[in-house]
Amino acid sequence: MKLAPSLVAVATALHSAIAGAASATRESNDQLSVRQIAIIGAGAAGASTSFHLRQFARERGIPINITVFEKTERIGGRTLTVDVYEDQAQPAELGASIFIKLNHILWNATERFNLPLREPELGGDGILAIWDGDKFVYQQDEDSWYWWNIAKLFWKYGTSPYRTQKLMQSVIDKFLKLYEEPYFPFPSLSLRAQELELTHITGQTGTQFLSQNKVSYSCTFDEHLTHETRSRSCSLTTSFKQAPGSIMPPTWLTFTGLRQCEQVSMAPEGASQVAGGNWQIFSHMVAESGARILPNISVLGIELAKDDQTGKYHLKTAPTDSVSTPDFEDTSVFDNVVIATPFQFSGIKTGEGVLTDAIDEIPYIKLHVTLFTSPFRLSAAFFNLDAGSQVPTSVLTTLSSDDSPDSGTQGAGKAGFYSISTLKTVVHPSTGKKEFLYKIFSPEKVTAEFLSALLGVEVDEPFTENVSSEGPDSVKPISWYYPHVFYSYPKELPRVTFQDPVLGPGLYYTSGIESFISTMETSALMGMNVARLIVDDASATKKKGEGQKIPHAQAEGAQRVVLKGYMTRPTVDPYIVEEL
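Structure (structure tokens):
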């Protein structure tokens, strides 16, 4: 599922040609006051920055050129779609899976780009359960009468779920003010969070916040609080984040009761995904922005331009597959630079004077995501159920009474994994038979021993080559297997300050919002915020009489030096997914 090699070659050649012509075009563009903007990273934040830059600049009559550097061959960042059995007719989301109408940027983009939506598919009978490594502490049947499920919940937990639902909604209402004036745009996330009274929430653990708001968290209710929820009361921002379908493993529940549990694993009301992959949202954003996209190009360094007193930046770049070969390095000059990727993983070196303060490094969760297909259902014995018992199709995990918040790898406790979901049934292209598509979130790579216990059949490594010896009618316990590792989202700890988006004159950063809340939508929000800050700055400069205004059409026409057709293909998936 790689981008066509010819396009990659063209992109690399364009990169060299563009860099070589930079000095010549700079002189021309300076005369026209076309602002040169570089975006490093084509994930949700980078794509949103590019798209909203074009929108805001067009409204203000600001001529801009946008160049997007992406070190991989794909757009979308942590939104990953893979083809089950390498069959394009059977795609599955590996990363961020769903979003809801409350996610204004994503939802509006799907309408603008006429992207077809579908409800997330649920495999099997739609039974959700919460397991503590020994027993199921709660079960819910999707087909059961809604009010019966509510009655069971209130019988067990009283009014606590209702109170937490109300509490969650009040926080979301505050958070959504970040989209609107006078709170938007925001050069300082820390100050805005304080103004909206969100820091008194993010600065506490989940249990502290519950107690402060007079929500009972008895032993039984505490069954549903896991490592992430206890670590910071951002769990109620997590309620916003999990409903939109961030790649956060659904086991880490918020304390919002049954309906939130339902929103996490089983499709929340109104939950949607783009048919063929959510990455298309960001692909279309970049395409509509008219940005020059340079795939497979890594940014190695950012330095202040020595021959310019206005704060312009030099970017040192190279093809990703030759970053260790200095001969391939090129340099381009930009008025604004947006770092739209976690800086600690970028490998970017900054020159003297670029950063006045170090960019905040935050601990990210290393998450193993495993997709696989099998003709076998989940084993009842694995979950300590009697033979023949109906096994839930979606299993979330929580800590047992013997666990502490740090028990097990990354707080997974006795269960040892975060969640297992039966996504849907698929058809094996070779046999024509239906199989189950499973998805596992875990802190470590799953093993043959674990899969053998989970399915109740012997699974040997390599998984997909194991065939039982029962004769010609024997079947493979695992017919297709796809593992991936994400540094998916930060480990949320109590804090009241956050990395601000403005790093210096003309230099911006989007990933600071991830220590506050990490989702597709919020990354897109920060991209929109940075875009507005850049255009506001450009507008202020223009009002001071600096530069000569040129017609927008001329600027946009000059800007559209693009790889036509890149990332717009309807049939070839451009994803390159890390294989383990």
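Residues -23 to -1, 1 to 557 in mature numbering (1 follows the signal peptide of the UniProt record, and there is no 0) are what the sequence shown lists, from first letter to last.
All residues carry an ideal CB built from backbone N, CA and C; glycine is no exception.
These figures come from a predicted structure and were not determined experimentally.
Simplified DSSP assignment, three categories, for residue i
i	result
P408	Note on residue identity: the sequence assigns Thr, not Pro, to residue 408. DSSP places T408 in coil when its eight states are reduced to three.
P138	helix
G393	coil
V61	helix
F349	strand
A15	strand
I224	Note that I224 scores 28 on pLDDT, short of 50, meaning its location in the model is unreliable and no value can be drawn from it.
R55	coil
N190	coil
D383	coil
G278	strand
R354	coil
I258	helix
N85	helix
A69	strand
Q367	coil
N80	coil
T26	helix
Q181	coil
N361	coil
Y115	strand
Y290	strand
L92	coil
S419	strand
V489	Sequence check: residue 489 is Gly here, not Val. Looking at G489 - three-state DSSP - the assignment turns out to be helix.
Cβ-Cβ distance between residue i and residue j below 9 Å
i	j	result
W457	S249	no
V512	I39	yes
P467	S495	yes
K416	L428	no
V346	V251	no
S275	P296	yes
G390	S377	yes
T386	P420	yes
T56	N273	no
A317	G20	yes
L30	A517	no
P406	G253	no
P164	V479	yes
S309	L292	yes
A86	G54	no
I52	I325	no
A425	E412	no
N255	E70	yes
I43	S188	no
Proximal residues to residue i (C-beta, below 7 Å), its chain only, five neighbours per side dropped
i	result
T176	A170 and V473
R236	Because R236 sits at a pLDDT of 27, beneath the cut-off of 50, its placement in the model cannot be relied upon, and the point is left open.
Q257	L92 and V251
Q321	E338
Anticipated Cβ contact below 8 Å, residue i with residue j, distance rounded
i	j	result
G481	L166	Not really, about 16 Å apart at Cβ, beyond 8 Å.
F46	L271	5 Å
T370	G72	Actually they do not touch by this definition, with Cβ atoms about 21 Å apart.
Y160	E174	Contact flag wrong, Cβ pair sits at about 12 Å.
residue 559	A501	Here the chain has residues from -23 to 557 only, and residue 559 is not among them.
V314	A15	5 Å
Y290	F259	With a Cβ gap of about 24 Å, Y290 and F259 do not count as contacting.
I82	M505	6 Å
V11	V403	Contact flag wrong, Cβ pair sits at about 50 Å.
L153	N190	In fact, because the Cβ distance is near 20 Å, the residues do not count as touching under 8 Å.
L510	P162	5 Å
Closer than 9 Å to chain C by CB, residue i
i	result
L362	Looking at the structure shown, chain C is missing, and only one protein chain is on hand.
Residues of its chain near residue i, where Cβ-Cβ distance is below 6 Å and the 5 sequence neighbours each way are ignored
i	result
Q476	D337 and G489
residue 561	For the chain, the structure presents residues -23 to 557; residue 561 sits outside this window and is missing.
F349	Y415, I455 and Y458
E368	Rather than Glu, the amino acid found at residue 368 in this sequence is Val. Excluding sequence neighbours, V368 sits near L355 and A357.
G180	P471 and V473
Y156	none
L344	F463 and S465
S492	I339, P467 and F475
Y486	I316, P478 and L480
Contacting residues, own chain, Cβ-Cβ under 8 Å from residue i (five flanking each side not counted)
i	result
G365	A357
D64	P406
Contact test: residue i Cβ vs the ligand MG heavy atom, cutoff 8 Å
i	result
E469	The ligand MG is not part of the structure shown, which contains no ligands of any sort.
Problem set entry | At least 3 beta-carbon pairs within less than 8 Å: the region 424 to 440 vs the region 352 to 366 | Inter-segment contact for the region 424 to 440 and the region 352 to 366 is present: three or more beta-carbon pairs are separated by less than 8 Å.
Exercise. Does the count of Cβ pairs from the region 271 to 284 and the region 106 to 113 closer than 8 Å reach three?
Worked result: Not touching, per the Cβ criterion.
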